[in-house]
C-alpha cells in the first residue's frame with residue numbers, strides 16, 4: 007500500500023503525530039511520556055514492548071473476531087538472523103510518517119528495521135549488529151539462555167540492550183548509533199536480557215545474574231545524551247537502595263529506612279545478594295513511578311543466607327534474614343530513583359521464586375472502591391494485587407498449585423510457609439510446588455482494562471525436589487547456585503496451562519492444558535480474541551470468553567515470544583516471534599545431555615519429560631492477517 | 007488426518023507399495039531402483055531430491071492451478087535448526103504406511119523426520135546430529151558456504167552427507183545410524199554439500215574443493231552395508247578415471263583411453279586438478295548410467311594449467327592442455343563406475359565455469375527423431391542437449407549473455423573462444439560474461455516431460471573482471487585460487503531472471519527479471535504452475551505458459567532452496583526451504599566486508615550491489631496449501 011493509504015487509516019490524532027514526527031522535533035519538545043501516551047492511544051500501533059506503559063498487552067483493535075479468526079493467514083515472515091530463545095516481541099510505530107517495525111534477536115542481538123509501507127511485504131531498511139568490544143563470556147554466564155525481551159522507541163531512537171551489557175540508542179531512520187553505554191559487566195555475573203523502559207526522557211535498565219553472584223542494580227540514563235541520571239542497588243545500605251523517610255509510609259511493615267534493612271544477609275553476603283531486575287518494567291506517568299520486580303537473593307542453598315545459629319526454619323523466617331529487597335516489587339520515582347514503596351513477596355527465599363514477573367498496571371473496583379492497582383503473578387504461585395500508589399496489598403491468591411505456603415497472611419502481608427516444602431539445610435531434600443521456574447516465569451500475562459479483574463495468564467504446572475548443597479566458592483561471575491534440583495510435571499502429560507484468572511475472586515474462569523510448558527506471553531484484543539504461542543510451536547487464537555481454541559498454526563520453532571497486533575491499510579495484523587529457548591529451553595539451545603537429572607538447574611529433566619528435544623531451534627517473526 | 011485417509015488417497019499401486027513397506031522387506035527384495043521408480047511414479051510423493059531419477063522436478067499433481075493459486079496459504083513451518091545457506095529440499099515418502107518428510111539443514115547438518123499423518127500439523131519423530139569426530143576445519147574450507155543440497159531415501163534408510171565428509175545412513179523410522187563412512191577429507195580440500203544419489207542399491211557420492219586444491223573423486227557404496235563398491239577420479243591416468251576401450255566410442259573426439267588424457271595438465275598439476283563433482287547426479291536405470299558434471303580444474307590462474315611455453319591463448323587452447331576431465335559431463339556405469347562417455351563443455355577453463363549443474367534426463371524429438379537426451383545448463387552460459395545413450399552433442403545454445411565464446415562449433419563440439427574475454431596471463435585483466443558464478447549455478451532447472459523442450463531456468467545475469475594472480479602455494483586444503491575477481495550486474499537493477507527457455511530453438515519463451523540473483527531452483531506442475539523462491543525472500547507461483555507472477559509470499563530469509571510438492575488427504579502441498587547463503591550469499595553468512603571488491607572471489611561486490619546485507623540469515627521449511 008502507499009503511504010497515503012497508511013495515513014488515511016490513522017486517527018486524526020495519530021495523523022498529527024505522524025506529521026509531527028515528520029517535522030522531527032515535535033516530541034523532543036513534548037517529552038517521551040507524551041510521545042508514548044500519544045502512540046499507545048493509537049491502537050493501530052504497538053509502540054512499546056507491552057503496547058503501553060501499563061504493560062496490559064491489550065489492543066483496542068477489533069477487526070479479528072472469534073467469528074472470522076479461522077481465516078487468519080500468514081502473510082509474511084522474517085528471520086531474526088539468530089537461533090536460541092526469542093522471549094521478546096517486535097514493536098510497530100510511526101517514524102517520520104512511515105509505519106515501521108523494529109525487533110531484536112537473541113544473542114548476538116541483531117536489530118532489524120522493517121518499512122511496513124506495503125504491510126503485506128515488509129522491506130528491511132537497516133539492520134544493526136554491534137561488532138566491536140563484544141564480551142563473549144556473557145554467553146555461558148546467561149543462566150537462562152541468551153534471550154532478549156525486546157526494544158523500545160522514543161524521540162526517533164530505538165533503544166535495546168545487548169547480553170554483554172551495552173545499552174544502545176540507534177537512529178530509527180538509519181540504524182546509526184546515537185549513543186551507547188556499558189552498564190552491566192559479565193565478569194561480575196551481570197548479563198542483560200530485558201528491554202529498556204523509556205520513561206520521562208530516561209532509559210531505565212537492569213540486568214540478570216543472581217545465579218552468578220551478581221548484585222542487582224537499576225540505572226536510569228538520559229534519553230537524549232546517554233548520561234547516567236541515577237543508579238541504585240536492590241540490596242545493601244539504605245543509601246545504596248535509595249530508601250528515604252518517605253519509603254513505605256503507608257506500610258511500614260514492608261520495611262523503612264534507618265536500619266539498613268537491605269543488608270539482612272549474614273556477613274557480606276549482600277554483596278552477592280542477587281535481587282537483579284532482569285525482566286519487565288512498567289510505569290505510571292501520573293504517579294511518576296517506575297515499577298519492577300527483583301530476583302532471587304543469590305545462592306540457592308538457603309542456610310548460607312540465614313545468620314541464625316542453628317539455621318532452623320523458624321529462626322531463618324523470623325524476619326531478621328529476609329534478604330531484602332530480593333523478591334520484591336519496587337516503585338521508584340522516575341526522576342530521582344528513590345524508593346516510594348517496596349513489597350517483598352517471598353522473604354528469605356528458599357525456592358528461587360524470583361519476583362521479576364511483569365507488574366501490570368490496571369484500575370479496578372475492589373470492595374466497592376476504585377483502586378489504581380498493580381497486578382503481579384509471582385513465580386511463587388501467588389498473584390498479588392497491590393495499590394500502586396502506596397504498595398498496599400489488596401489481594402493475594404494462588405493461581406497454580408502451591409504447597410510451600412498456606413496463604414499470604416493479609417494481616418502481616420507475609421506468606422505462611424509450610425516448612426516441609428521449604429528447602430533449607432545442605433543435603434536435605436524438600437519437595438515443593440511450583441518449581442523454581444515458578445507458577446509463571448517471565449512470560450507476560452495480559453488483561454483487558456475494561457474487564458480488569460480477569461487476566462490471561464501463561465502458567466507452568468510442575469514441581470521440584472530441591473536439595474541444597476555445600477557452598478564451595480564466593481566468586482562473582484561463576485555459577486553461584488549450590489543446589490541439586492529435579493523438576494517434574496505435576497500431572498504427567500500437562501505441563502502448561504493458559505488460564506483466564508480472576509485476581510479478585512481467585513477463581514480460574516477457563517484454562518487450556520498443553521503438553522508443552524507455556525513459556526510465551528498472551529495478547530488480548532477488543533475483538534474478543536486471545537493469542538499465544540506454545541513451546542511446541544503452535545500459535546493459537548482463543549475465544550477470550552470461553553477459552554475455546556479457534557485457530558492454530560504450527561510455526562517453525564517453539565514459541566516463547568509475545569504476540570502483538572497492529573493495523574495498516576485497513577488490515578489488522580498479528581505478529582509473533584518463534585525461537586525455542588529460555589530457561590526451559592536451554593537444554594535444547596545449549597545442547598545439554600537430557601539424561602542429566604539436575605542439568606540446567608532442573609531444566610533438562612523437564613525438557614526430557616516434555617520432549618523439547620523434538621522442537622528445532624529457530625528465530626523468526628511471523629505475521630498474519632485475515633485472508634482477502 | 008488418519009492413516010486410513012492417507013491410504014485412501016494413494017493410487018492402487020502406491021497402496022501396494024505402502025503395504026509392502028509395512029511388511030518391511032518388499033523393496034529389499036526388489037532393489038532400490040524398483041522402489042524409487044515405484045515411488046516417483048506416485049505424484050503424491052516427492053521421494054528423492056528431484057522427485058525422480060531424471061531430476062525433472064516436475065509433478066503430475068494438478069490441484070493447484072493458475073486459477074486458484076492465489077488462495078495458497080502457509081499451513082505450517084518448521085525451522086531446520088541452523089542458519090547459513092539452505093540449497094536443498096525436503097523429500098516426502100512413505101515409511102511403513104506413514105507419510106513422512108525428511109530434510110537436512112546446512113552445517114552442522116541436522117536431519118529431521120516429520121510424521122505428516124496430520125498433514126496440516128507435522129510431528130517431529132526424530133532428529134539426528136552427528137556429535138562426535140566432527141572436523142570443524144571443514145567450515146572455512148567450504149568455498150561457497152556451508153550448504154547442503156539434501157538427502158535421499160531407499161530401503162528404509164535416509165542417506166545424507168555431512169560437510170566434513172561423512173556419508174551416513176539412518177534408520178528412517180528411528181534415526182539410528184545404520185552405517186556411516188568417511189569419504190571426503192577437509193585437509194585435502196574436500197568438503198561435501200551434495201545429496202547422495204541412490205542408484206541400483208548403491209549410494210553415489212562426490213565432494214567439492216576445487217578452490218582448495220582438491221582432486222575430484224566419485225565413489226559408490228553398497229546401500230545395505232556401506233562398503234565401497236567403486237571409486238574413480240575425474241582426472242589422472244586412464245585407470246584412475248575408469249576410461250576403457252568402450253569409452254566415447256560414438257564420439258572419439260571427446261577423448262579415448264590409451265593416452266592418459268586425464269593428465270592434460272603441466273607436471274603434477276593434475277594431482278590438484280579439481281574436477282570435483284559437488285552438485286547434482288541423475289540416473290537412467292534402463293541405460294544403467296549415472297550422470298554428473300565435474301568442476302573447475304583447480305587454480306584460477308589459467309597459465310599454470312597450460313604447459314605451452316609461452317602460454318599463449320592459441321597454444322593453451324590447442325587441445326593439449328584441456329585439463330580433462332574437468333568441466334565435463336560424465337556417464338558412468340552404475341555397477342562398475344567405468345566411463346561410458348564423457349563430454350567436456352569448457353576445455354582449458356579460464357573462468358571457473360564448473361560443469362556441475364544438474365544433468366536433466368528427458369526424451370524429446372529433435373530433427374524429427376525421438377532422442378533420449380540429457381539437458382545441461384552450464385555455468386559457461388550454454389545449454390547443451392546430448393544424446394544420453396552415447397554423449398553425442400545434439401544442440402548447444404546461449405541461454406544468457408555470453409561473450410567468452412562465439413558459439414559451440416557443432417563439428418568439433420568445442421567452444422569457439424573469444425580471447426579478449428578469456429583471462430590467461432598473470433596480472434592481465436579480462437572481462438567476461440557470464441561471471442564465474444555462471445549463467446546459472448547449482449540452482450536446478452525443471453521441465454515438464456510432456457513439453458520436453460521448454461525448461462524453467464533460474465539464471466544469473468552478471469559479468470566479471472578477472473585478473474589472474476601469481477601462484478604462491480601448491481598445498482591442498484588451503485585457498486588455491488590466485489585471481490582477483492570483480493563481479494557486477496550486466497544491467498544495473500536486474501541480477502536474476504527466471505526463464506522459460508526452449509533448448510532446441512534456443513529461444514526464451516518468457517522471463518521474469520528480479521533485482522536479486524536467482525539462486526533457488528524451480529518446480530513445475532501438471533497444474534500449470536511454476537514455483538520458485540527469490541534471494542530477496544519472495545516465494546512465487548508463476549503461470550507456466552505466460553510467466554505471469556500469480557502469487558507471492560515474503561518468507562523469512564533469502565531463498566536458495568528448491569520447491570517440492572506432494573499430496574496428502576486430498577490437499578496438494580508445496581514446501582520450500584529458506585536460508586540465504588551459497589557462494590552469492592557467503593558475504594552475508596560469513597559476515598564479510600562488503601567493501602572488499604574481490605571478497606569471496608567476487609561475491610562481496612555482487613552482495614553489495616544487490617543489497618544482500620538487508621536479507622537476514624535463516625533456515626526454515628515453509629509449507630503451503632490452498633485455503634479450505
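Chains as they are written, first to last, in my numbering: chain A, 7 to 634; chain B, 7 to 634.
Quick reminder that beta carbons are idealized off the backbone N, C-alpha and C, glycines included.
Status (buried if at least 16 other CB within 10 Å, exposed otherwise) for residue i
i                      : result
residue 502 of chain B : buried
residue 57 of chain B  : buried
residue 131 of chain B : buried
residue 5 of chain B   : The requested residue 5 of chain B is not part of the displayed model; chain B covers only 7 to 634.
residue 350 of chain B : buried
residue 22 of chain A  : Low per-residue confidence applies at residue 22 of chain A: pLDDT is 41, beneath 50, and the placement is therefore not dependable, though the value from the model is reported in the following sentence. It is exposed - the Cβ of residue 22 of chain A has fewer than 16 other Cβ atoms within 10 Å.
residue 356 of chain A : buried
residue 497 of chain A : exposed
residue 93 of chain B  : buried
residue 206 of chain B : buried
residue 465 of chain A : buried
residue 153 of chain B : buried
residue 426 of chain A : exposed
Among the options, the one whose alpha carbon lies nearest that of residue i
i                      : options                    : result
residue 172 of chain A : A/232, A/237, A/126        : A/232
residue 375 of chain B : B/426, B/468, B/510        : B/510
residue 472 of chain B : B/447, B/385, B/358        : B/358
residue 85 of chain B  : A/633, A/448, A/620, A/115 : A/620
residue 266 of chain A : A/251, A/256, A/92         : A/251
residue 87 of chain B  : A/612, A/586, A/611, A/593 : A/586
residue 277 of chain B : B/331, B/228, B/136        : B/331
residue 361 of chain A : A/372, A/369, A/348        : A/348
residue 65 of chain A  : A/454, A/398, A/307, A/412 : A/454
residue 151 of chain B : B/78, B/448, B/475, B/421  : B/448
residue 185 of chain A : A/456, A/596, A/166        : A/166
residue 244 of chain B : B/565, B/261, B/540        : B/261
residue 208 of chain A : A/618, A/175, A/258        : A/175
residue 5 of chain B   : B/613, B/576, B/569, B/39  : No answer is possible for residue 5 of chain B: the residues shown for chain B start at 7 and end at 634.
residue 112 of chain B : B/516, B/616, B/605, B/584 : B/584
Close Cβ partners of residue i (< 6 Å) along its chain, the five nearest in sequence each way excluded
i                      : result
residue 629 of chain A : 81, 82, 579, 581
residue 144 of chain B : 169, 170, 192, 197
residue 129 of chain B : 121
residue 602 of chain A : 610
residue 225 of chain B : 189, 211, 237
residue 31 of chain A  : Residue placement at residue 31 of chain A is poorly supported in this model, since its pLDDT is 47, which falls under 50; the coordinates still yield a value, given next. Correct list: empty, nothing qualifies.
residue 352 of chain A : 333, 359, 386
residue 344 of chain B : 248, 250
Same chain, Cβ closer than 7 Å to residue i, five either side skipped, listed in chain order
i                      : result
residue 379 of chain B : 368, 369, 370, 391, 392, 393, 394, 400
residue 588 of chain B : 91, 93, 150, 151, 153, 525, 566
Of all the residues that make up the region 604–634 of chain B, which are near chain A by a beta-carbon distance shorter than 8 Å? 619, 620, 621, 622, 623, 624, 625, 626, 627, 628, 633
Check whether the region 40–55 of chain A and the region 522–541 of chain B touch, using three or more Cβ-Cβ pairs below 8 Å as the test. no
For the region 77–96 of chain A, which residues have a beta carbon sitting closer than 9 Å to at least one beta carbon of chain B? 77, 79, 80, 81, 82, 83, 84, 85, 86, 87, 88, 89
What are the residues of the region 554–572 of chain B that lie near chain A, defined by any Cβ-Cβ distance shorter than 7 Å? 559, 560, 561, 562, 563
Using a beta-carbon distance cut-off of less than 9 Å, what residues from the region 112–129 of chain A approach chain E? Among the protein chains of the structure shown, namely A and B, there is no chain E.
Which of the residues in the region 130–142 of chain A, read from start to end, lie with their CB under 9 Å from any CB of chain B? 130, 131, 132, 133, 135, 137
Inspect the CB distances between the region 286–299 of chain B and the region 413–430 of chain B and report whether three or more fall short of 8 Å. no
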